[in-house]
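A.B. asks: Pasting a structure below so you can have a look.
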Amino acid sequence: MKAKMIRHPAARFGEEALYYFRRTYTLCDPKGGSVKILADARYKLWVNGTFVSCGPCKGSRHMRYYDEVDLTPYLVKGENTLWVTLLGLRAFEYMDVGDINLNAVMRSGDAYLAIEGTLLDGEEEVRVVT
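To convert, note that position 97 of the sequence shown is 248 in our numbering; the numbers rise steadily by one, no gaps.
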């Protein structure tokens with residue numbers, strides 16, 4: 152995955168909070184589409200108000216995984232809104248001993264998001280990228 156990782160402008164390192172990202176694409180003749188998505192801690196993805204995916208797959212401190220999501224069933228003629236809710240969590244090294252409920256969630260404390268993919272509008276490819 153080559154997409155640039157972005158942070159929400161309000162994100163602060165190690166802050167536990169929800170961050171919201173949204174982008175709208177106008178399609179005249181939607182034929183399909185898919186994205187790869189990677190997030191620090193956890194994400195939920197909606198397309199046009201419908202919940203589509205959550206993740207990412209569990210990784211480690213040394214390896215992060217992205218999810219591949221088919222958007223085809225959710226695309227419509229006209230405006231299509233992709234909405235991501237990102238859960239930002241403290242990095243492992245800053246966790247309290249009692250924080251065991253989310254210790255299986257890999258996180259850096261940076262609250263980052265990366266998305267790349269393509270939407271097919273007739274014969275034209277529309278890039279989806281952070």
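For each residue, glycine too, the CB sits at the ideal point set by N, CA and C. Please read all numbers here as calculations on a predicted model, not as lab measurements.
Whole-angstrom Cβ separation of L178 and L238, contact assumed at under 8 Å?
C.D. replies: The pair is not a contact, with the Cβ atoms about 29 Å apart (cut-off 8 Å).
A.B. asks: Assuming C205 is part of the beta strand (DSSP E), what are its boundary residues?
C.D. replies: Where C205 is concerned, the enclosing beta strand (DSSP E) stretches over T201 to G206.
A.B. asks: So what does DSSP say about Y217, is it helix, strand or coil?
C.D. replies: In this structure, Y217 counts as coil in the three-state DSSP scheme.
A.B. asks: Measuring only between beta-carbons, confirm whether D191 sits less than 8 Å from chain C.
C.D. replies: Among the chains of the structure shown, chain C does not appear; only one protein chain is present.
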